[in-house]
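Engineer: What follows is a single structure, and I will ask about it in a moment.
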Amino acid sequence: MSLIVNVLLGLLFGIGLVVSGMSDPDKVLNFLDLAGTWDPSLAFVMGGGVLVAFIGYRVVLRRDRPLMADGFKVPTKTAIDGRLLGGAAVFGIGWGLGGFCPGPALTALGLGQPGALVFLAAMFIGFWIARLVSAGRTDMAAKD
């Protein structure tokens, strides 16, 4: 049952990305182009998402547990560190260069947009590099 719910929620998310224009890299890049062809419409999409998430968290976290899990998995780390800032910077650079972030890139791939394949390949290479760097730091810390 959980798999079916997850697939349906993923489809709903993908449809929302297509309807809002988030899977169109040109629309995203126009949103980021403040000095040129700026398109503020994605600010409303993001604001709507933040509002829904804000209300949703307040409502759902009043429950003892989720409907389809044993407990909530809410992040507990609150520190702003180099990994967080570095990851945010890499994410922002990738978003600005490619016009995609991970969810919309998968949706765009399903729509047959060729740029999505290049972005996703670069994204997975970035995941691999990040894992290597993180493993290297762990190895270096163990030697100290």
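Following the working numbering, the numbering of the sequence shown begins with 4 at its first residue and continues without gaps. Every residue gets a Cβ at the ideal spot worked out from N, C-alpha and C, and that includes glycine.
To the nearest angstrom, how far is the alpha carbon of Leu120 from that of Ser137?
Structural biologist: Numbered from its first residue, the sequence shown carries residue 120 at position 117. Numbered from its first residue, the sequence shown carries residue 137 at position 134. Roughly 26 Å separates the two Cα atoms.
Engineer: Rounded to whole angstroms, what's the CA-CA distance from Phe47 to Trp131? Just pull it up for me.
Structural biologist: Position 44 of the sequence shown, counted from the first residue, corresponds to residue 47. Position 128 of the sequence shown, counted from the first residue, corresponds to residue 131. Their backbone Cα atoms lie some 34 Å apart in a straight line.
Engineer: How do the region 78–94 and the region 8–20 stand: do at least 3 beta-carbon pairs fall below 8 Å, yes or no?
Structural biologist: Taking 8 Å as the limit for Cβ pairs, the verdict is that the region 8–20 does not touch the region 78–94.
Engineer: Could you give the distance in angstroms between the alpha-carbon of Leu199 and the alpha-carbon of Pro105?
Structural biologist: The requested residue 199 does not occur in the structure, where the chain is confined to residues 4 to 147.
Engineer: By Cβ distance below 8 Å, which residues in the same chain neighbour Met126 in space, the five residues on each side in sequence not counted?
Structural biologist: Here residue 126 corresponds to residue number 123 of the sequence shown, with the count starting at 1. Here the set comprises Gly97, Pro105 and Ala108.
Engineer: In terms of residues, what are the limits of the alpha helix (DSSP H) holding Ser44?
Structural biologist: By one-based count along the sequence shown, residue 44 stands at place 41. First-last of the alpha helix (DSSP H) with Ser44: Ser44 to Val63.
Engineer: If we ignore side chains and look at the alpha-carbon of each, how far apart do Asp29 and Leu6 end up?
Structural biologist: Here residue 29 is taken as the residue at index 26 of the sequence shown, counted from 1. Here residue 6 is taken as the residue at index 3 of the sequence shown, counted from 1. Going from the Cα of Asp29 to the Cα of Leu6 covers about 33 Å.
Engineer: In whole angstroms, what is the alpha-carbon distance linking Trp41 and Gly24?
Structural biologist: Taking the first residue of the sequence shown as 1, we reach residue 41 at position 38. Taking the first residue of the sequence shown as 1, we reach residue 24 at position 21. Cα-Cα distance, rounded: 14 Å.
Engineer: Look up Phe94 in the DSSP assignment and say whether it is helix, strand or coil.
Structural biologist: On the sequence shown, residue 94 is found 91 positions in, with the first residue counted as 1. Here Phe94 sits in helix by DSSP.
Engineer: Between which two residues does the alpha helix (DSSP H) containing Ile7 stretch?
Structural biologist: Against the sequence shown, residue 7 aligns to sequence position 4. It spans Ser5 to Ser23 - the alpha helix (DSSP H) in which Ile7 sits, taken as one unbroken run.
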